[in-house]
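Novice:
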Amino acid sequence: MTHVLIVDDEPLLREELQEALELEDMEVSVAGSVAGALKHCAQTAFDVVVTDLKMPNAGGLELLRQLSQDKYKAAMFVVSGHGAESSREEAMSLGALACFAKPIDPDDLIEAINDAV
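In terms of the numbering used here, the sequence shown is residues 4 to 120.
1. Let me know the secondary structure DSSP gives valine 120 once reduced to three states.
2. If you count every other CB in all the chains shown that lies within 10 Å of the CB of threonine 47, and 16 or more means buried, which is it?
3. Rounded to the nearest angstrom, what separates glutamate 114 and arginine 91 at their Cα positions?
4. Where do the N-terminal and C-terminal ends of the beta strand (DSSP E) with histidine 6 fall, by residue?
5. Measuring only the C-alpha atoms, how far is isoleucine 9 from phenylalanine 80?
6. Closest to serine 36 by C-alpha separation, out of Leu20, His85, Thr54 and Asp28, would be which residue?
7. So who's on the other strand from threonine 47, going by DSSP bridges?
8. Taking the beta carbon of valine 120 as the centre, do at least 16 other beta carbons fall within 10 Å, making it buried, or is it exposed?
9. Once DSSP output is grouped into helix, strand and coil, what is the label at alanine 77?
10. Can you look up alanine 99 in the DSSP assignment and give me helix, strand or coil?
11. Give me the Cα-Cα distance between leucine 56 and glutamine 72, rounded to the nearest whole angstrom.
12. Below 8 angstroms CB to CB, which residues in the same chain sit around leucine 100 once its five sequence neighbours on both sides are set aside?
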């Protein structure tokens, strides 16, 4: 079973993605911040991490930096409601496999996860 961590400060998006992924028999955990995500990652080996780029305090780029420094082994994807190409390029350089624009189609994410794992 694929274990996925969704990190986003928008509760409705977390819930929507969680429901869609669980329908595909994935085990899903959620976090509303980078700090919460890092706590989850310290306790669990996730197969996939999906993070929002822009969040209060620290964003998805900081999470990708932390996980890559820790040599965390997970397929990483970024979701962004902002069109900053430089942030997307940086996310890819930090190991993200793909960047999705909000609103994200859960089917696109599911396909990318299945391709990655």
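Built from N, CA and C at the ideal position, the CB exists for glycine as well.
Specialist: This is what the structure gives:
1. coil
2. exposed
3. 20 angstroms
4. 6-10
5. 10 angstroms
6. Thr54
7. Answer is none; threonine 47 lacks a bridge partner.
8. With fewer than 16 Cβ atoms within 10 Å of its Cβ, valine 120 is classed as exposed.
9. coil
10. DSSP places alanine 99 in strand when its eight states are reduced to three.
11. Straight-line Cα distance between these residues: approximately 18 angstroms.
12. Hits under 8 angstroms: Ala78, Met79, Phe80, Ala115 and Ala119.
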